[in-house]
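> Provided herewith is a single structure, encoded as structure tokens, for subsequent inquiry.
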Amino acid sequence: MTSEIVVVPHTHWDREWYEPHDVFRLRLVHMLDRLIGILEAEPEYRFTLDGQAAAIEDYLEMRPDMRDRVVALVEREQLSVGPFLILLDEFGCDGETIIRNLELGRAASARLGRTMPVGYLPDMFGHAAQMPQILSGFGIRHSALWRGVPADIAEHAFSWVAPNGDAVRCEYLFDGYGNGLDMFALPGQLPELAPDYAARTASWYGDDPVLAMLGTDHSAPPEDLAEVIRDYDAGGREPHLSIATLDGHLSRYETDAASLAALPQVHGEMRSHARGNLLPGVFSIRTNLKREMARSEQALTAAERLDLMYGTRDHRSFFDTAWYRIVESTAHDSVTGCGVDATAEQVGTRIHTAGHIARGVIDTVLRDVSAAVSPAQHLVFNPSGFARRAQVEVTLHGVDAGSLSAGVQLLDPLTTVLGDERMRTADLPKVLRRIHGRELFGQQINGYEWGERSLRFQVAESPQGVWDLAAFTVELEERVAADAAGDDVWHVETIADPRHRALLAVDVDGLALAAVGETTAPASADAVTVTSGSLSNGALTATVNADGTVRIDGADGSSIDGALALVDDGDCGDSYNYGPVDAASAVSAPSSVEVTVLEEGPLRGRIRIRRVYDLPERLDADRRRSTSTVPLVTETTIELREGEGFLRVGIDYVNTASDHRLRVLVPVDGAGLDSSRSAGQYGTTVRGREAEGGWGEFPLPTYPAYRFAAAGSTAVLVQKLSEYELVSTADAPDALAVTLSRSVGMMSVNVHPLRDEPAGSEIPVPGAQYLGVAVHTDLAILVGADDATAVRAADLFRHDPLVVRGSGAADGPLPEAAFPVRLSGDVVLESARRVGTEAELRFVNYLAEERELAFTSPGDWARVDLAGEVQGGAFDVAAARAVGGGMLSIRRAID
Numbered sequence: 002m003t004s005e006i007v008v009v010p011h012t013h014w015d016r017e018w019y020e021p022h023d024v025f026r027l028r029l030v031h032m033l034d035r036l037i038g039i040l041e042a043e044p045e046y047r048f049t050l051d052g053q054a055a056a057i058e059d060y061l062e063m064r065p066d067m068r069d070r071v072v073a074l075v076e077r078e079q080l081s082v083g084p085f086l087i088l089l090d091e092f093g094c095d096g097e098t099i100i101r102n103l104e105l106g107r108a109a110s111a112r113l114g115r116t117m118p119v120g121y122l123p124d125m126f127g128h129a130a131q132m133p134q135i136l137s138g139f140g141i142r143h144s145a146l147w148r149g150v151p152a153d154i155a156e157h158a159f160s161w162v163a164p165n166g167d168a169v170r171c172e173y174l175f176d177g178y179g180n181g182l183d184m185f186a187l188p189g190q191l192p193e194l195a196p197d198y199a200a201r202t203a204s205w206y207g208d209d210p211v212l213a214m215l216g217t218d219h220s221a222p223p224e225d226l227a228e229v230i231r232d233y234d235a236g237g238r239e240p241h242l243s244i245a246t247l248d249g250h251l252s253r254y255e256t257d258a259a260s261l262a263a264l265p266q267v268h269g270e271m272r273s274h275a276r277g278n279l280l281p282g283v284f285s286i287r288t289n290l291k292r293e294m295a296r297s298e299q300a301l302t303a304a305e306r307l308d309l310m311y312g313t314r315d316h317r318s319f320f321d322t323a324w325y326r327i328v329e330s331t332a333h334d335s336v337t338g339c340g341v342d343a344t345a346e347q348v349g350t351r352i353h354t355a356g357h358i359a360r361g362v363i364d365t366v367l368r369d370v371s372a373a374v375s376p377a378q379h380l381v382f383n384p385s386g387f388a389r390r391a392q393v394e395v396t397l398h399g400v401d402a403g404s405l406s407a408g409v410q411l412l413d414p415l416t417t418v419l420g421d422e423r424m425r426t427a428d429l430p431k432v433l434r435r436i437h438g439r440e441l442f443g444q445q446i447n448g449y450e451w452g453e454r455s456l457r458f459q460v461a462e463s464p465q466g467v468w469d470l471a472a473f474t475v476e477l478e479e480r481v482a483a484d485a486a487g488d489d490v491w492h493v494e495t496i497a498d499p500r501h502r503a504l505l506a507v508d509v510d511g512l513a514l515a516a517v518g519e520t521t522a523p524a525s526a527d528a529v530t531v532t533s534g535s536l537s538n539g540a541l542t543a544t545v546n547a548d549g550t551v552r553i554d555g556a557d558g559s560s561i562d563g564a565l566a567l568v569d570d571g572d573c574g575d576s577y578n579y580g581p582v583d584a585a586s587a588v589s590a591p592s593s594v595e596v597t598v599l600e601e602g603p604l605r606g607r608i609r610i611r612r613v614y615d616l617p618e619r620l621d622a623d624r625r626r627s628t629s630t631v632p633l634v635t636e637t638t639i640e641l642r643e644g645e646g647f648l649r650v651g652i653d654y655v656n657t658a659s660d661h662r663l664r665v666l667v668p669v670d671g672a673g674l675d676s677s678r679s680a681g682q683y684g685t686t687v688r689g690r691e692a693e694g695g696w697g698e699f700p701l702p703t704y705p706a707y708r709f710a711a712a713g714s715t716a717v718l719v720q721k722l723s724e725y726e727l728v729s730t731a732d733a734p735d736a737l738a739v740t741l742s743r744s745v746g747m748m749s750v751n752v753h754p755l756r757d758e759p760a761g762s763e764i765p766v767p768g769a770q771y772l773g774v775a776v777h778t779d780l781a782i783l784v785g786a787d788d789a790t791a792v793r794a795a796d797l798f799r800h801d802p803l804v805v806r807g808s809g810a811a812d813g814p815l816p817e818a819a820f821p822v823r824l825s826g827d828v829v830l831e832s833a834r835r836v837g838t839e840a841e842l843r844f845v846n847y848l849a850e851e852r853e854l855a856f857t858s859p860g861d862w863a864r865v866d867l868a869g870e871v872q873g874g875a876f877d878v879a880a881a882r883a884v885g886g887g888m889l890s891i892r893r894a895i896d
């Protein structure tokens, strides 16, 4: 048995949760004020600040005068900070966000003198498969965590292996991150409690020192700890007690390949319920928050790509701010939605801020490049690394249907009457106050005409000819002066040129611009045809059934039927866990179905399926669904585009019921399948039909997806964190059930049908019921597809092209990109950005097998790790290969 217990004082500081951020920060500041005094007074004292630099940054924002004292403690290794900026939920964000989290956290810690070289992940609700590769990419060889570890691990350390083979040593906090508290709970009892704990954990530690994590949620450090331990050791007792930081303790263990190979191995994702609750219901609560997170991530990465290739201004500080806002929103009680309503609102505001910054950069760069072509053209930027036939929605003016190319689809005419009113002569000067230079009602004035007590403005999106505001002002004032009484009535109109919403097809390379106009948009052989209940483009045919579900047939003979059925179940749970009620109360049959063709091709066909469901209004006091019902009106829009091999789906409703879960079902090509796959966080994970249990939480086999979920040869592409389950259906194939929303009224409930203990306090969260909230979900369905096809389709589905109307006097050459990019094959470009004076590209192979990078671009490229350190010499991109499950980052100077 061990002869030593290492005590690691710490706190687990949820930055926001059952209180919003600034309430908790007040407590944090007072706690750290006290801690700093303790550390300065006791040189033997050590403290680990939860693995997240945001805690100390929050403190120093309020106490800037304390920076030098904090730096001194960090440099003396009494206080360990970082390496993360925030303790994230690993499934609540994209893989790039995890990387930026470590970038920001390491930078913040380095500014204080030192970064803790441990991937400390104490309280995450499970762990993503690629975390060992991400940690290794930053040179971090140790990790420490609690939840998710499979039951067959019975030692305090194991080797955690990523899909590409990278491994880190993992210290398993099998007893939780507060396991040392009991030893100090009873004053004067340490001599009995310490050896007792060492004996009880002997099978885990053997001869290694016992790790006693002394701290818990929002805990303060015991001021007399060093003195208590000195008194204990003065008696020569066994086991010996010492104080250390987490990294100070773990530094005794080797992390070379041979040492890691000698440990038990855990490969990939860890989502076992064996010794800790995973609380998987957080993936399906407040789903709009997840949608906004993904939208802001996508907008920000698109902005970085556009800025890298065509930007001429310095946007670095804007990107830094936007990433900070996103990263600080990924905490495991933040974007997860399992905090109080005030916390969710604050998280949403931060996420929106990041999205606004991204949009500002995009608008600025597009506006700059738009001068290259005339208003008759549109510039289209493709943020995907793959070349594509894209579609962009634009406004066309003065449409001559006979002159349109075959690559144009008119959608609907826009109103031309922007203003039509009567006003007295005395009120005519109001018109001047509406005009800003040349702009009137969001359009540009291209002409005006005075009549007998009438005034008509002719406006358009783009300016044409000369506009003389001074001359117009004189003319208006003359007419006002001519009517001394000011009582004549004038007819004032603002008329826009005839306009249509339209789709343009355009061929555009990866990370490149292309110009397209209404006479140059290319035709396609894969035009969409539409009937009253079907869409077809040669690759797919989608047919609406009488019950509102859809049959999808692929050109290769693959098919599924009954897709997009909606199933509503009661939910007596909370924000952490779904709580099932009587299965007989589930609602799956609509009370009415209405099918409407919205667009008839040839570029895009759309059909809207309007279904009404009569849902139980709420749960009654006996936790059964009420007999009173409310109508839930759902609109499912199916969309097929020319040349695309997947069916796009949009589902909309305004929630009207409480205490329920709504899911959409997509059948797969088989029954009794033993596994599903999903992609997210830069990796693909295979999952069985059942989850591993063993703790006080039923292992419900619902899982997260961030790119796609698949079973058999059917895949559902998603655009945000989405909860899914592979379910069996009566006398039918298996189906992927994707949760659209869950409505509950409590943050946590004390008595839960699937969980033995509370996950938090019983605090009402009426906002999580989503009553009156509009919910929108974007999906796409692939049939007859392998994972390589799904990976590429998911990338194109996520990255909509960006478009801007030309603003130049004439058509000229397009702006030159920083460097051309050619990407084909199965490896995905996930990040492209400026880093100082260099360009950095990051690729991910989501497949298990090695793949050719299939990337060409001129210039001298170097391979770098995630920290930006060069790996080896010159890098031959043309011959490069990406290992299965591997990430590959490269940099070159920007000319």
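The working numbering applies: residue 2 is where the sequence shown begins, and numbers increase by one. Heads up, the beta-carbon is just placed ideally off N, CA and C, and yes, glycines get one too. Computed from a predicted structure; not experimentally measured.
1. Measure the Cβ-Cβ separation of V596 and I610 and say whether it is below 8 Å.
2. Do A855 and the ligand NAP come close, with the Cβ less than 7 Å from some heavy atom?
3. Drop a sphere of 10 angstroms on the beta-carbon of E422, count the other beta-carbons inside from all chains shown, and report buried for 16 or more, exposed for fewer.
4. Considering only DSSP beta bridges, list what W491 is partnered with.
5. Could you tell me whether the region 743-754 touches the region 573-584, using the rule of 3 or more Cβ pairs below 8 Å?
6. Which runs of the alpha helix (DSSP H) spanning at least 4 residues fall entirely within the region 80-140, listed in chain order?
7. Measure how close the beta-carbons of Q444 and A497 come, nearest whole angstrom, since I'm counting them as under 8 Å.
8. In chain order, what residues of the same chain have a beta carbon less than 6 Å from the beta carbon of W468, not counting five sequence neighbours either side?
9. Beta strand (DSSP E) containing E724: first to last residue?
10. CB A526 to CB L604, shorter than 8 Å?
11. Taking DSSP as the reference, what is the three-state secondary structure of V267?
12. Which whole-angstrom value describes the C-beta separation of V75 and T49, a residue pair presumed to lie in contact below a C-beta threshold of 8 Å?
13. To the nearest angstrom, how far is the alpha carbon of V634 from that of A769?
14. Are Q682 and A295 closer than 8 Å when you measure CB to CB?
15. Where Q53 and L136 are concerned, what is the direct C-alpha to C-alpha distance, given to the nearest angstrom?
16. S297 lies in the alpha helix (DSSP H); which residues open and close that run?
17. Helix, strand or coil: which one does DSSP assign to A791?
18. Since P123 and L174 are thought to touch, with beta carbons under 8 Å apart, how far apart are those beta carbons, to the nearest angstrom?
19. Taking the straight line between their C-alpha atoms, what separation do you get for S589 and Y614?
20. Looking only at its chain, what residues have a beta carbon closer than 8 Å to the beta carbon of T417, apart from the 5 residues adjacent to it on each side?
21. For the region 190-231, which segments carrying the alpha helix (DSSP H) assignment without a break, of at least 4 residues, lie completely within its bounds, in sequence order?
22. Per DSSP, what are the beta-bridge partners of P765 in this structure?
23. Per DSSP, what kind of secondary structure is L74 in: helix, strand or coil?
24. Less than 6 Å between C-beta atoms, sequence neighbours within five positions excluded: which residues of the same chain meet that for D779?
25. Determine whether the beta carbon atoms of A679 and F647 lie at a separation below 8 Å.
26. If you draw a straight line from the C-alpha of V381 to the C-alpha of F442, how long is it?
27. Under the rule that 16 or more other beta-carbon atoms within 10 Å means buried, what is P44, buried or exposed?
28. Taking the continuous beta strand (DSSP E) assigned at E394, which residues delimit it?
29. Going by DSSP in three states, G361 sits in which element: helix, strand or coil?
30. Could you tell me if T246 is buried or exposed, where buried requires 16 or more neighbouring beta carbons within 10 angstroms of its beta carbon?
31. Measuring straight from C-alpha to C-alpha, what distance separates R142 and T256?
32. Would you call the region 112-129 and the region 81-99 in contact, with 3 or more CB pairs under 8 Å?
33. Please report the residue range of the alpha helix (DSSP H) in which P430 lies.
34. From the DSSP output, in three-state form, read off H241 for me.
35. If you draw a straight line from the alpha carbon of I608 to that of P591, how long is it in whole angstroms?
36. Do the CB positions of M214 and G166 come within less than 8 Å of each other?
Taking the definition as stated:
1. yes
2. The ligand NAP is not part of the structure shown, which contains no ligands of any sort.
3. With fewer than 16 other Cβ atoms within 10 Å, it is exposed.
4. M424
5. yes
6. 96-112 and 132-138
7. 6 Å
8. R439 and I446
9. Per DSSP, the continuous beta strand (DSSP E) segment holding E724 begins and ends at S723 to V728.
10. no
11. Three-state result, V267: strand.
12. Not a contact, Cβ separation roughly 12 Å.
13. 20 Å
14. no
15. 14 Å
16. T288 to Y311
17. Here A791 sits in helix by DSSP.
18. 6 Å
19. 8 Å
20. For T417, where only same-chain residues beyond five positions count, the Cβ hits under 8 Å are I496, A497, D498, P499 and R500.
21. Listed in chain order, they are 191-201 and 203-206.
22. M747
23. helix
24. Cβ within range, chain order: G651 and Q720.
25. Note on residue identity: the sequence assigns Ser, not Ala, to residue 679. Contact: no.
26. 26 Å
27. exposed
28. R389 to H398
29. helix
30. Counting Cβ neighbours within 10 Å, T246 comes out buried, since at least 16 surround it.
31. 6 Å
32. The answer is yes - the region 81-99 touches the region 112-129, with three or more Cβ pairs under 8 Å.
33. P430 to R435
34. DSSP places H241 in strand when its eight states are reduced to three.
35. Each residue's alpha carbon lies about 18 Å from the other.
36. no
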